[in-house]
Amino acid sequence: MTWDVALILGIDGLANGAVYLLAGLGLVLIFSVTRVVFVPFGDVAAFAALSLAAFETGRTPATIGLVLTLAVLATLVEVGSLIRRGETSRIPKAIGLWLLLPAVPCAIAWATAQFAAPQAVQVAASVLLVVPVSPLLARVVFQPIADASVLVLLIVSLALHFLLSGLGLLFFGPEGSRTSALASGTLPLGDGFSVSGQVVLMVASAIVLSALFFLVFERTVAGKALRATAVNRVGARLVGIRPTRTAILAYACASLLAGLIGVLIAPVTTMYYDSGFIIGLKAFVAAIIGGLVSYPLTALGAIAVGLVESFASFWSGAMKDAIVFSLLIPVLLLRSFMSTHSDEDEEELDQ
Numbered sequence: 015m016t017w018d019v020a021l022i023l024g025i026d027g028l029a030n031g032a033v034y035l036l037a038g039l040g041l042v043l044i045f046s047v048t049r050v051v052f053v054p055f056g057d058v059a060a061f062a063a064l065s066l067a068a069f070e071t072g073r074t075p076a077t078i079g080l081v082l083t084l085a086v087l088a089t090l091v092e093v094g095s096l097i098r099r100g101e102t103s104r105i106p107k108a109i110g111l112w113l114l115l116p117a118v119p120c121a122i123a124w125a126t127a128q129f130a131a132p133q134a135v136q137v138a139a140s141v142l143l144v145v146p147v148s149p150l151l152a153r154v155v156f157q158p159i160a161d162a163s164v165l166v167l168l169i170v171s172l173a174l175h176f177l178l179s180g181l182g183l184l185f186f187g188p189e190g191s192r193t194s195a196l197a198s199g200t201l202p203l204g205d206g207f208s209v210s211g212q213v214v215l216m217v218a219s220a221i222v223l224s225a226l227f228f229l230v231f232e233r234t235v236a237g238k239a240l241r242a243t244a245v246n247r248v249g250a251r252l253v254g255i256r257p258t259r260t261a262i263l264a265y266a267c268a269s270l271l272a273g274l275i276g277v278l279i280a281p282v283t284t285m286y287y288d289s290g291f292i293i294g295l296k297a298f299v300a301a302i303i304g305g306l307v308s309y310p311l312t313a314l315g316a317i318a319v320g321l322v323e324s325f326a327s328f329w330s331g332a333m334k335d336a337i338v339f340s341l342l343i344p345v346l347l348l349r350s351f352m353s354t355h356s357d358e359d360e361e362e363l364d365q
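For the sequence shown, counting from 1, position 206 maps to 220 in the numbering used here; every step adds exactly one.
Spelled out as structure tokens, the structure:
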């Protein structure tokens, strides 16, 4: 391997790492607040990419039908819950929150498709369209079992991914799509090397969004509520923070990140209805490196995953995914040696 090849692979790895960074932040956010390993995160990103592709070809995105279907289900679940608790006076508010509010981005997406809007509007509409997906899924699937064990939540999350894959095939079909680049031109690096504008946009977006992520958590009331819930759910409830609301907010923020990922990667790779699964898995490796709690370590893990994937694809394209996932082995061993085990844990193992 020459230095020229290494530089090219390094740039490609940073671009991949930028995507995994954003996805890792979303996974850690959801897990820290709700204890859910949100496996369908990548599916939401794929839906955003396919929505943008539909806009560019002059079609109405099938995501509209998916969002409206989930909105109806979430509304029925919420209304049924209110009736059982005898809180029928809150039904109009529930309908507005779970049905009418998700219909707003659907209406925007429909209008965007009808009037052939410019690319910037199409990108914004694609991102907004998938923002309600994760909160709606959370209301239908995860909120009723919020107190279940992490293992149960993980199994349900995995099953939800396969369900979404089936729905993706139903709504979008098996054909793949790739969109036009969001940024044209190249950035020269000297000695004949240059970086495409799309790669620069991906890396810059990851940096800017990570900075905004930090500012929201440190400076806003909503961010502090999310942090409090992540640290101690019972304590947050005692000071007036409702974990259910913060959970929905966490899902919405993660869905926004997934939508941005989808529109960023759509120009550089062909996206299918199930393409998001592998993205979510590699972001999960980065989140595991961060212990599913540390955002800085997750960011470093994402860059490491991107670089390892890039160089592994040079050595063996068929084995690159196996090499990336093998990163989990030393990380888990290290965390096992560094963690402290109580006597109660040892007694449970003996039994």
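We put the CB at the ideal spot given by N, CA and C, even for glycine. These numbers come from a predicted model, not from an experiment.
Output the distance between the C-alpha atoms of residue i and residue j, rounded to the nearest integer angstrom.
i    : j    : result
E232 : Y265 : 19 Å
V253 : A239 : 10 Å
G182 : T16  : 42 Å
I221 : G24  : 17 Å
R251 : R104 : 21 Å
V299 : T102 : 44 Å
V51  : A117 : 27 Å
V345 : M352 : 11 Å
S65  : I122 : 13 Å
D359 : A218 : Per-residue confidence for D359 stands at a pLDDT of 45, beneath the threshold of 50, marking its modelled position as unreliable; the derived number appears in the next sentence. So the two alpha carbons sit approximately 45 Å from each other.
L292 : A20  : In the sequence as presented, Leu is not what sits at residue 292; that position holds Ile. So the two alpha carbons sit approximately 24 Å from each other.
V154 : V58  : 16 Å
V245 : A130 : 46 Å
G27  : E323 : 7 Å
L167 : A160 : 8 Å
I109 : V91  : 11 Å
V209 : T283 : 17 Å
F61  : R259 : 25 Å
Q212 : Q133 : 14 Å
L43  : F227 : 10 Å
A127 : L341 : 43 Å
A88  : W112 : 6 Å
F176 : L151 : 13 Å
P310 : F45  : 15 Å
A261 : G290 : 22 Å
A326 : R256 : 45 Å
V137 : G100 : 42 Å
G40  : A63  : 17 Å
L215 : A197 : 7 Å
V248 : R241 : 13 Å
The alpha helix (DSSP H) that contains residue i, what's its start and end?
i    : result
F351 : L342 to M352
V58  : F55 to E70
A125 : L115 to Q128
V299 : G290 to I303
L9   : Outside the displayed span of the chain (15 to 365) sits residue 9, for which this structure offers no information.
F339 : K334 to F339
S163 : Taken as a continuous stretch (DSSP letters only), S163 belongs to no alpha helix (DSSP H), as it is neither H nor E.
V4   : The chain is shown from 15 up to 365; residue 4 falls before or after that span and cannot be answered.
With DSSP as the reference, label residue i as helix, strand or coil.
i    : result
L172 : helix
P202 : strand
D364 : Note on D364: pLDDT 47, under 50, position unreliable in the model; the coordinate value appears next. Reduced to three states, the DSSP call for D364 is helix.
V282 : coil
V230 : helix
L184 : helix
S1   : As shown, the chain starts at 15 and ends at 365. That puts residue 1 outside it, with no answer to give.
S191 : strand
R247 : helix
Y309 : helix
T74  : coil
Y34  : helix
R104 : helix
P132 : coil
T89  : helix
I255 : coil
S330 : coil
Y287 : coil
T83  : helix
T16  : coil
E358 : At E358, the pLDDT of 43 sits below 50, so the modelled position is not reliable; the number obtained from the coordinates is stated separately. Three-state DSSP puts E358 in a helix.
Please report the residue range of the beta strand (DSSP E) in which residue i lies.
i    : result
V50  : Counting along the chain, V50 falls outside any beta strand (DSSP E), and DSSP gives it neither H nor E.
S208 : F207 to S210
Could you give the C-beta distance for residue i and residue j, rounded to a whole number, given that I count them as a contact under 8 Å?
i    : j    : result
K296 : V319 : 6 Å
A76  : F185 : 4 Å
S269 : S148 : 4 Å
S194 : P281 : 6 Å
L174 : V53  : 7 Å
A316 : G38  : 5 Å
The stretch 67-85 contacting the stretch 31-45, beta-carbon criterion three pairs below 8 Å: no
Meets three-Cβ-pair contact criterion under 8 Å: the stretch 259-274 and the stretch 139-159: yes
Cβ pair count under 8 Å reaching 3, the stretch 330-337 against the stretch 58-78: The answer is no - the stretch 58-78 does not touch the stretch 330-337, with fewer than three Cβ pairs under 8 Å.
The stretch 304-312 / the stretch 194-202 touching (three or more Cβ pairs under 8 Å): Inter-segment contact for the stretch 304-312 and the stretch 194-202 is absent: fewer than three beta-carbon pairs are separated by less than 8 Å.
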